[in-house]
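Working notes, beginning with the structure itself.
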Amino acid sequence: EHMFFEGDRISAVRQMIFANDTAGREAALAKLLPYQKDDFKGIFKVMQGLPVTVRLLDPPLHEFVPHDDETIKRLAVDMGLSIDVLKARIEALEEINPMLGHRGCRLGVTYPEIYAMQARAIFEAAAELTKEGLKVLPEVMIPLIGTVEELRLMKAVCVEVADLVMKETGVKFQYLVGTMMEIPRACLVADTVATEAEFFSFGT
599 EHMFFEGDRI SAVRQMIFAN DTAGREAALA KLLPYQKDDF KGIFKVMQGL
649 PVTVRLLDPP LHEFVPHDDE TIKRLAVDMG LSIDVLKARI EALEEINPML
699 GHRGCRLGVT YPEIYAMQAR AIFEAAAELT KEGLKVLPEV MIPLIGTVEE
749 LRLMKAVCVE VADLVMKETG VKFQYLVGTM MEIPRACLVA DTVATEAEFF
799 SFGT
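The opening residue of the sequence shown carries number 599 in this note's numbering; numbering runs sequentially from there.
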């Protein structure tokens, strides 16, 4: 998530957060895609064929919103919103328990286009480097799952995007989709989660 705070990226992230519909979110995410792809290409090159685990967006959205008046004012103008409306929406994003709130895979379930963009960035980077003759093995990690159903939904998004990228580029590449076992519920149902996960990472 630290990638999203650099340069113009945070503006696009905020436009995505405060978009009124899927089309608006997708337009903002399209601005982030090339940044993410370049980041992943750089990482994959440095790793020289070793597996690279990429955790999809995990933190709650309130971590990305502005709190100073000047930035809020500029964002309100950019989004075509009144300052009062924007402040109310910022306040509504605050989490009572940010460790277990609307974050991780729950964001992906609510807004699958977010994870679809990140998956596309990962897989386009993998395809382009594979075409150059480099070995790449991305491992896509779905964060904060509590049930196998959550993993199944988000894995389906990743597989769909991977298939589409392979079809578009004509390049076949390997990848894995797994999850981080970081909340008690996931650990209690680890046997069912294992039916969908291709790897586990343990958050301790």
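Idealized CB from N, CA, C, for every residue including glycine.
Problem - Assigned exposure category for Val-611 - 16 Cβ within 10 Å defines buried - result: buried
Handout entry: Extent of the continuous beta strand (DSSP E) run through Thr-745
Key = Taken as a continuous stretch (DSSP letters only), Thr-745 belongs to no beta strand (DSSP E), as it is neither H nor E.
Practice task
Could you name the residues that DSSP lists as bridge partners for Val-663?
Solution key: Bridge partners of Val-663: none, in fact.
Handout entry: Boundaries of the alpha helix (DSSP H) in which Arg-607 is found, first to last residue
Key = 607-616
Practice task
Starting from Leu-774, follow the beta strand (DSSP E) in both directions and report where the run begins and ends.
Solution key: It spans 774-779 - the beta strand (DSSP E) in which Leu-774 sits, taken as one unbroken run.
Practice task
Compare the C-alpha of Leu-705 against each of Leu-659, Ile-720, Val-734 and Val-663 and name the closest.
Solution key: Leu-659
Handout entry: Rounded separation between Leu-655 and Gln-646 - CA only
Key = 24 Å
Practice task
Report, in whole angstroms, the separation of the C-beta atoms of Ala-714 and Val-738, which I expect to be a contact under 8 Å.
Solution key: For Ala-714 against Val-738, the beta-carbon gap comes to about 12 Å, at or over 8 Å, which does not count as contact.
Problem - Those residues which DSSP pairs with Glu-737 across a bridge - result: Thr-651 and Leu-774
Practice task
Take Arg-653 and list the residues in its own chain whose beta-carbon comes closer than 6 Å to its own, dropping the five residues that flank it on each side.
Solution key: Met-739 and Pro-741
Exercise for the section: Rounded to whole angstroms, what's the CA-CA distance from Gly-731 to Val-769? Just pull it up for me. Expected result: 11 Å
Problem - Option nearest Ile-781 by Cα separation, candidates Thr-745, Ala-795, Met-764 and Glu-692 - result: Thr-745
Practice task
Rank Asp-682, Phe-798 and Phe-602 by C-alpha distance to the C-alpha of Leu-774 and give the top, closest one.
Solution key: Phe-798
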